[in-house]
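So the sequence lines, in the order shown, correspond to chains L and C. Using our numbering, you'd call the opening residue of the first sequence number 104 and step up by one each time. Using our numbering, you'd call the opening residue of the second sequence number 104 and step up by one each time.
There are 2 protein chains.
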Amino acid sequence: MSHCHIYIQSLRQRGYRVTPQREMIIEALADSAGHVTAEEIFAQVRKRTRAINLATIYRTLDLLVETGFASRLDLRDGYAVYATAQHGPHLHLVCKACGRVIDADHSLATPIDELLREQYGFSPDLQHLSILGLCADCLGSSAAGSSAAGSSAEGKSEEGE
Amino acid sequence: MSHCHIYIQSLRQRGYRVTPQREMIIEALADSAGHVTAEEIFAQVRKRTRAINLATIYRTLDLLVETGFASRLDLRDGYAVYATAQHGPHLHLVCKACGRVIDADHSLATPIDELLREQYGFSPDLQHLSILGLCADCLGSSAAGSSAAGSSAEGKSEEGE
DNA sequence: AATCTTATTGCGAGTATTCGCAATAGAGAG
DNA sequence: CTCTCTATTGCGAATACTCGCAATAAGATT
């Protein structure tokens, strides 16, 4: 990938060391289209070399998040996914029914950003903002299916699809 | 605690079974002032009985979150904290420097709520919204220099921001 | 009160992620 | 190019949480 190089340089300039592991992880992340798990990055990098450890993947991904190259998203299912932040900041809308992650326009958060700064002196990191909820599809299907009738002990623990 | 009782009844009416474990967990959660971890609830309940298992704590807390009695907040440090939702919905502002959790007014999210529904057909679950960032104190101290604020951050990683 | 159904619990094993520490290897200085 | 300093890696153990399954017990029914 082309502009990985630029980012790798930027890492070095900031005083971080550029190791082959880091390069490969950055490239693997940049190659992946959407959101990937640490395990997927691991598998990807493992194709190229055996000299890589899962802990290094996690540490590097954390570093990338801290430095702003990537964003991390903790899904409720017990794992996290990462994505490059190259295409600019965006919000993550996580559907708690189907698990899909929708990227929403970052500017939607502008009002809340300003309010938080004004009223709480809090400087939010909105690149890391993820919002749990129901996507349009799941909202539609759950409304069509059963309209809030006598739901006894059946539907409660069911989640996902 | 007083209105635990009401909630326990509500659970039963919704078709869930009310077990001593659940009662004790609910009471322990309601007793705790702010945000507590599953482990803290476990310790609390354990004082009263040995008949409790950590997995049950997690399952019950999840149930409470699903039914709206509690809210869950995944902290980046690898654990989650829970709080009752009795005092109404609110946003969680999580400071990534000192780890503090500030409860902010729920209405701040109204604009984004509306925009998400209009533009994406997405129905956000804003009781579960947590926003990562820097609190006023940490923002001030990182600008001013060094203060008593920073607690867990290590060496270099915090300078970069 | 005895019975029945099945939701819930406890347990132990499994998963995703983090941590501590010794060994390795970047990057600047000589 | 070599040396030095220390950031980074790999490893295995620890942590926080989840899951599958058999045993238990809530709540409805009789």
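The beta carbon of each residue, even a glycine, is placed where N, CA and C say it ideally should be.
Using a C-beta to C-beta distance shorter than 8 Å, which residues of chain C count as neighbours of residue i?
i: A207/L; result: L219, Q222, Y223, F225
i: A186/L; result: What A186/L touches in chain C: nothing, since even the nearest Cβ is about 16 Å away.
Just grab the DSSP bridge partners of residue i for me.
i: G236/C; result: P227/L, C198/C
i: R175/C; result: Y185/C
i: D208/C; result: H193/C
Could you tell me how far apart the beta carbons of residue i and residue j are, in whole angstroms, since I believe they sit closer than 8 Å?
i: A207/C; j: A186/C; result: Rounded, the Cβ-Cβ distance is 13 Å, inconsistent with contact.
i: L157/C; j: A141/C; result: 7 Å
i: T91/C; j: R117/C; result: Residue 91/C lies beyond the range of chain C shown here (104 to 264); nothing can be said about it.
i: A131/L; j: I144/L; result: 5 Å
i: V184/L; j: V139/L; result: 6 Å
Quick check on residue i: does DSSP put it in helix, strand or coil?
i: T140/L; result: strand
i: T122/L; result: coil
i: I111/C; result: helix
i: T170/C; result: helix
i: I155/C; result: coil
i: R220/C; result: helix
i: R149/L; result: helix
i: D180/L; result: coil
i: R162/L; result: helix
i: S254/C; result: With a pLDDT of 34 at S254/C, under the threshold of 50, the modelled position of that residue is not reliable, and no figure is offered here.
i: G248/L; result: Because the pLDDT of G248/L is 41, which lies under 50, any placement of that residue in the model is unreliable, and the number read from its coordinates should be weighed accordingly. Three-state DSSP puts G248/L in a helix.
Could you work out which residues of chain L lie near residue i, taking near to mean beta carbons separated by less than 7 Å?
i: P214/C; result: P214, I215
i: L114/C; result: Within 7 Å Cβ-Cβ: nothing; L114/C doesn't reach chain L, min ~11 Å.
So which residues on chain C does residue i lean against when the C-beta distance must stay under 9 Å?
i: L242/L; result: G224, F225, S226
i: A239/L; result: Y223, G224, F225, S226
Starting from residue i, find everything on chain C with Cβ-Cβ shorter than 7 Å and list it in chain order.
i: G236/L; result: F225, S226, P227, D228
i: D177/L; result: D177
i: L164/L; result: What L164/L touches in chain C: nothing, since even the nearest Cβ is about 13 Å away.
i: K150/L; result: None at all; the shortest Cβ gap to chain C is about 29 Å.
i: L232/L; result: I234
Mind pulling the chain L residues with CB within less than 8 Å of residue i?
i: L157/C; result: Ordered by position in chain L, no residue passes the 8 Å Cβ test against L157/C, which lies about 16 Å from the chain.
i: L132/C; result: By Cβ distance, chain L contributes nothing, its closest Cβ being about 19 Å from L132/C, past 8 Å.
i: L167/C; result: Those do not exist, as L167/C stays about 12 Å from chain L at its closest Cβ, beyond 8 Å.
_Validate contact between the segment 196-213 of chain L and the segment 196-211 of chain C using beta carbons, cut 8 Å, 3 pairs_ = In short, these stretches do not touch, since the Cβ pair count stays below three.
*asked:* Under 8 Å, with one C-beta from each stretch per pair, do the segment 203-218 of chain L and the segment 156-164 of chain L reach the 3-pair mark?
replied: Per the Cβ contact rule, the segment 203-218 of chain L is not in contact with the segment 156-164 of chain L (fewer than 3 Cβ pairs under 8 Å).
_When you compare the segment 229-239 of chain L with the segment 224-233 of chain C, are there three or more beta-carbon pairs, one atom per stretch, that lie closer than 8 Å?_
Yes: at least three Cβ pairs fall under 8 Å.
*Take every Cβ of the segment 176-183 of chain C, pair it with every Cβ of the segment 121-137 of chain C, and state whether three or more of those distances are shorter than 8 Å.*
Contact annotation: the segment 176-183 of chain C does not touch the segment 121-137 of chain C, with fewer than three C-beta pairs closer than 8 Å.
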